[in-house]
């Protein structure tokens, strides 16, 4: 407090002798909107930090020892006329001062782009800047000149003290990297990139539906799983949740999953179900929307052809067909209509290794071509793999209008120590220029169809005929370039 009084006194003295201090727009701190910066306080040497890695509205923004984590990275969003919102790379929220009171705790909140969330940069000595709030006219500072981890950041009259001065450190633009797996114990993965985050859901094999998120693919490996829905107490589908997928349809997320009546019963009572989000956040909140059929089925996914939606999944087709893929029309994301039609069955020798299986149909679109990538052979054997269907006719409900590729498109690599790669999904890089596959696999030929399977991702390309070229599954631990736009 004594240092604050001395600083104020010096300001008064300067004014008395006719020296006028002028607040200017920062020249040394010209920022590039979208570039991540670390803000280091001149007095403490510590970084502006989303305390305790919080992601919610109202969470405290304090200082902490610099580590350059996403929770210490900030992007400047242009609000015009020299004003910016300051957005956390970690949470996606922006800095917010709840009032004009001196010492008020700086927090993060959803972006409203109002005056409480807008700041301008004012130059200080040595290339440092002050952040002046548009609503209060006051400067962000570390309260009471603290140098401790966790000390609060607040606002006070602009005195240009060292505790109000910040160094803007632009982070390197060198290519990011990651290594597989991106989640251990992550079978049946589904991954999407949305509004700056990767969202990943996998089988839990219990009564919870969980999801994790991170701003980088590498960050998923250490991100915490959050329960987004609890199935406990449901009469049909309380337990053994598996094969989750979430699709954004008409402004809401629809979360499809398989669940049965008890954990040990993985076969007779498994059914398909769907949740509906309240808004556009993939993590919800969700409400239960519908059961999708009353027979054994698993691995729900959604195909779109023209303006029509179709539910795809896996069922027992009976007779020589065995475990097969099906397709059925949806009148909306949660209502089935018409008859269920067989889409594919394990007719080829490579689809019948250890067990005759077709399952996990997943939509893939490219240059006007509609395709379905599916898993084949037994998941409890090392030869689980991916096959390809292409819509070569006009009617998705007519099996004759689909053409099955005669050879697998993705399979085990003994040389790379990857076995039973399958149950995949697809996602785009953050900048939309690259196509990526996410899948699970085992580390050894003796791996089973259980929670030991891990989530992996890799980029893929396209063949000249418009079909996907997934290449070979990469070995665990190999350094890969992260998706473009991270």
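Numbering (the working numbering), first residue to last: 643 to 1128.
Even glycine gets a Cβ: it sits at the ideal position worked out from N, Cα and C.
Treat the numbers as computed from the prediction; the structure is a model and nothing was measured.
Enumerate in chain order the residues of its own chain whose CB-to-CB distance from residue 996 is below 7 Å, with the five nearest sequence positions on each side excluded.
-> 1019, 1020, 1022, 1023, 1025
Between residue 1127 and the rest of its own chain, which residues show a CB-CB distance below 8 Å, the 5 nearest in sequence each way excluded?
-> 1071, 1072, 1073, 1074, 1075
Rounded to a whole number of angstroms, what is the C-alpha to C-alpha distance between residue 1114 and residue 1080?
-> Residue 1114 and residue 1080: Cα-Cα distance of roughly 13 Å.
3-residue-minimum beta strand (DSSP E) runs that sit fully inside the region 722–786, ordered along the chain = Segments of the beta strand (DSSP E) lying fully in the region 722–786: 725–730, 736–738, 749–751, 761–765, 771–775, 781–784.
According to DSSP, is residue 992 helix, strand or coil?
-> helix
Per the contact definition of three or more C-beta pairs closer than 8 Å, is the region 726–735 in contact with the region 699–713?
-> By the C-beta criterion, the region 699–713 is judged to be in contact with the region 726–735, since at least 3 inter-stretch pairs fall below 8 Å.
How close, in whole Å, do the beta carbons of residue 802 and residue 766 come, if the pair is a contact with beta carbons under 8 Å?
-> 6 Å
Between residue 819 and the rest of its own chain, which residues show a CB-CB distance below 8 Å, the 5 nearest in sequence each way excluded?
-> So the qualifying residues of the chain are 860, 1121, 1122, 1123, 1124.
My understanding is that residue 1060 touches residue 1110, with C-beta atoms under 8 Å, so please give their C-beta distance in whole angstroms.
-> At roughly 18 Å, the Cβ-Cβ gap does not stay under 8 Å, so residue 1060 and residue 1110 are not in contact.
Under the rule that 16 or more other beta-carbon atoms within 10 Å means buried, what is residue 1015, buried or exposed?
-> Buried: at least 16 other Cβ atoms inside 10 Å.
Near residue 867, which residues of its chain fall below 6 Å by C-beta distance, leaving aside the five closest residues on each side in sequence?
-> 852, 854
Could you give the residue range of the beta strand (DSSP E) that holds residue 970?
-> 965–974
Report the option in 1044, 848, 927 whose CA atom is closest to the CA atom of residue 881.
-> 848
Going by alpha carbons, who is nearest to residue 683 out of 1036, 785, 1106?
-> Considering only alpha carbons, the answer is 785.
Nearest to residue 990 (by Cα), restricted to the options 956, 1027, 979 | 1027
Would you mind reading off the limits of the beta strand (DSSP E) that contains residue 1067?
-> 1061–1070
Residue 793 versus 864, 749, 871, residue with shortest Cα-Cα distance | Answer by Cα proximity: 749.
Are the region 740–757 and the region 777–791 in contact at 8 Å, needing three or more beta carbon pairs?
-> yes
Reduced DSSP secondary structure (H/G/I, E/B, other) of residue 912 = If DSSP states are grouped into helix, strand and coil, residue 912 belongs with coil.
Which residues bound the beta strand (DSSP E) around residue 800?
-> Taken as a continuous stretch (DSSP letters only), residue 800 belongs to no beta strand (DSSP E), as it is neither H nor E.
State yes or no: is the C-beta of residue 918 within less than 8 Å of the C-beta of residue 928?
-> Yes, the Cβ-Cβ distance between residue 918 and residue 928 is below 8 Å.
Give the secondary structure of residue 842 by DSSP, where H, G and I count as helix, E and B as strand, and everything else as coil.
-> strand
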